[in-house]
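Q: At position 15 of the sequence shown (counting the first as 1) the number is 15 in UniProt numbering, and the numbers step up by one without a gap. All C-beta atoms, glycine included, are put in the ideal place defined by N, C-alpha and C. From a predicted model like this one, the values you see are computed outputs, not experimental measurements. Pasting a structure below so you can have a look.
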Amino acid sequence: MRNSVAKNRQSIAQPVRSHRPMYQIVLYMGLLLLLGLIVMYALGPQRANVMNYAYGTNYSDTYFFGKQLTSVFIAIIAFSAFYFTPYKWFTGERSKYILYAGFALCILLFLSGAVLHLSFAQETNGAYRWFHLGGLGSFQPSELLKYGVLLFLAGFLGRRSQQGKLNDIQETIIPLGIISALSLLMIVFLQKDLGTGISLIAIILSMILVAGIDWKIFKEDSSKSLHFVVW
């Protein structure tokens, strides 16, 4: 176990090596997108009929297929933009702006729905998790926040490893705990989205494991906190 942790630390400390693009991933992604279009083309008319009958809507037979096709085009454009963006942009200091944007949009969604009751804040069973964007569909801010946490912590833990401060309480553990707690507050309590919160916890724990942070630190801090509460 110690040897694997040491190897993880060494791999993080070393600069990322250049490699050829993995075109197989693009191929598999294209096949999945095509499969999704085929399924929606086949099931879209039945779904439209059910929605029209149950809720009195007037969806056409091609409505859901067209919506899926629009989403595919948007995804391809976003993929192309990210592909031509240098990876250092995401792992550097700029990654914090994606994190800030995720926090801001989560707060905006909560205020728009729970406080101001605006129409574009979509409500589902008393929870506000989506921005309704009309014909473009819906947008879930927690997904952007989850992506921002992933990028920010990757760069943050990498820099702390290079500085030899990976297990430093003040420089690493406390900021890591603050970012994690704020993110879970936005997702689990403001948006009442336990599923996304659990996936975020899994991401953070995986990054801690890969980075090679000593788990004894968390055990010691938990023991001190419990002792303080009991006292």
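Is any heavy atom of the ligand MG found at a distance shorter than 6 Å from the C-beta of Arg129?
A: The ligand content of the structure shown is nil, which means the ligand MG is not present either.
Q: For Arg160, report the span of its beta strand (DSSP E) as first-last.
A: For the purposes of this step, residue 160 is identified with residue 160 of the sequence shown, where counting begins at 1. Element bounds for Arg160: not the beta strand (DSSP E) but the alpha helix (DSSP H), Pro141 to Gln162.
Q: Between the alpha carbons of Tyr100 and Asp193, how many angstroms are there, rounded?
A: Working through the sequence shown from its first residue, we reach residue 100 at position 100. Working through the sequence shown from its first residue, we reach residue 193 at position 193. Answer to the nearest angstrom: the Cα atoms are 19 Å apart.
Q: Hey, Gly148 and Ile107: beta-carbon distance below 7 Å or not?
A: Position 148 of the sequence shown, counted from the first residue, corresponds to residue 148. Position 107 of the sequence shown, counted from the first residue, corresponds to residue 107. No, these two residues do not count as a Cβ contact at 7 Å.
Q: Does DSSP classify Gly212 as helix, strand or coil?
A: As a position in the sequence shown, residue 212 is number 212, starting the count at 1. In this structure, Gly212 counts as coil in the three-state DSSP scheme.
Q: Rounded to a whole number of angstroms, what is the C-alpha to C-alpha distance between Ile204 and Ser180?
A: For the purposes of this step, residue 204 is taken as residue 204 along the sequence shown, with counting starting at 1. For the purposes of this step, residue 180 is taken as residue 180 along the sequence shown, with counting starting at 1. Distance between the alpha carbons of Ile204 and Ser180: 8 Å.
Q: Indicate the three-state DSSP secondary structure (helix, strand or coil) for Ser138 in the structure shown.
A: As a first step, residue 138 is located in the sequence shown; it is residue number 138 there, counting from the start. If DSSP states are grouped into helix, strand and coil, Ser138 belongs with the strands.
Q: Identify every residue that forms a DSSP beta bridge with Thr124.
A: Your numbering for residue 124 matches position 124 in the sequence shown. BP columns for Thr124 point to Ala127.
Q: Look at the alpha carbon of Tyr55 and the alpha carbon of Phe79, and state the distance between them as a whole number of angstroms.
A: Position 55 of the sequence shown, counted from the first residue, corresponds to residue 55. Position 79 of the sequence shown, counted from the first residue, corresponds to residue 79. Computed Cα separation, rounded: 35 Å.
Q: Considering only C-alpha positions, which residue in the set Gly44, Thr57, Gln68 and Ser95 is nearest to Leu33?
A: Stepping through the sequence shown from its first residue, residue 33 is reached at position 33. Nearest C-alpha to Leu33: Gln68.
Q: Assuming Ile208 contacts Thr196 (C-beta within less than 8 Å), just tell me the rounded distance between them.
A: On the sequence shown, position 208 is the one that residue 208 refers to. On the sequence shown, position 196 is the one that residue 196 refers to. Not a contact, Cβ separation roughly 19 Å.
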